[in-house]
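Below you'll find the structure, written out as structure tokens, and then a few comments.
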Amino acid sequence: LERTFSIIKPDATNRNLTGAINAVFEKAGLRIVAQKRVRMTREQAETFYAVHKERPFFGELVEFMISAPVVVQVLEGENAVAKHREVMGATNPANAAEGTVRKLYALSVGENSVHGSDSLDNAKIEIAQFFSGNEIV
Ligand code: ATP
Ligand code: MG
3 LERTFSIIKP DATNRNLTGA INAVFEKAGL RIVAQKRVRM TREQAETFYA
53 VHKERPFFGE LVEFMISAPV VVQVLEGENA VAKHREVMGA TNPANAAEGT
103 VRKLYALSVG ENSVHGSDSL DNAKIEIAQF FSGNEIV
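UniProt numbering puts the first residue of the sequence shown at 3, with every later residue one more than the last.
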């Protein structure tokens with residue numbers, strides 16, 4: 003079984019959508035094996051999104067991610083990385099398929115409700131940024 007890293011972003015926690023989003027994940031066969039609600043620090047957000055630091059939306063993205071609590075999660079399942087990306091839907095909700103989290107709940111390309119690791123290697127790196135091994139059960 004694979005593990006992937008997930009974030010329920012501030013636009014979703016603000017609208018009390020944690021449970022609704024978790025239901026989509028669980029129906030897709032992803033098991034929530036670790037979960038906590040945290041307020042990301044600016045440093046954590048900048049490190050987490052460092053690959054995007056030259057992009058024009060970087061500042062806005064960091065401000066958004068620290069604007070309210072997020073729920074960080076480890077999801078486990080068969081092909082968890084790809085399955086999670088599939089149920090999240092396209093980055094821009096205008097392009098997201100029916101039934102995906104972003105089609106259902108995202109407000110815009112920036113405030114798009116969820117994050118998911120884009121590879122198994124990145125999943126391992128991202129999980130380690132927020133969880134220690136004994137928190138994942
Ligand atoms: P994530 O990494 O959050 O799972 P993603 O892999 O679909 O999403 P990326 O290209 O990695 O998308 O972008 C990371 C995040 O940056 C997006 O989820 C979104 O919140 C924000 N973002 C991406 N493109 C834009 C944009 N053009 N304008 C504003 N914000 C953007
Ligand atoms: Mg990404």
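Glycine included, each C-beta is placed from N, C-alpha and C at the ideal position.
> Around the Cβ of Pro12, are there at least 16 other Cβ atoms within 10 angstroms (buried) or fewer (exposed)?
Replying inline: Burial call: buried.
> How big is the Cα-Cα spacing for Val53 and Asn18?
Replying inline: For Val53 and Asn18, the gap between their C-alpha atoms comes out near 29 Å.
>> Does the stretch 74-94 come into contact with the stretch 29-36, if we say contact requires no fewer than three beta-carbon pairs (one atom in each stretch) closer than 8 Å?
In response: They touch, by the three-pair rule.
> Can you name the residues that DSSP bridges to Gly79?
Replying inline: Its beta-bridge partners are Glu4.
> Between the stretch 113-122 and the stretch 81-98, do three or more beta carbon pairs fall short of 8 Å?
Replying inline: Contact holds: three or more Cβ-Cβ distances are below 8 Å.
>> I'd like to check one pair, Ala125 with Arg5: are the Cβ atoms closer than 8 Å?
In response: Cβ atoms of Arg5 and Ala125: closer than 8 Å.
> DSSP on Ile21, reduced to helix/strand/coil?
Replying inline: It is Gly, not Ile, that sits at residue 21 in the sequence shown. Per DSSP, reduced to three states, the secondary structure at Gly21 is helical.
> Can you tell me whether DSSP reads Ile129 as helix, strand or coil?
Replying inline: Correct three-state label for Ile129: helix.
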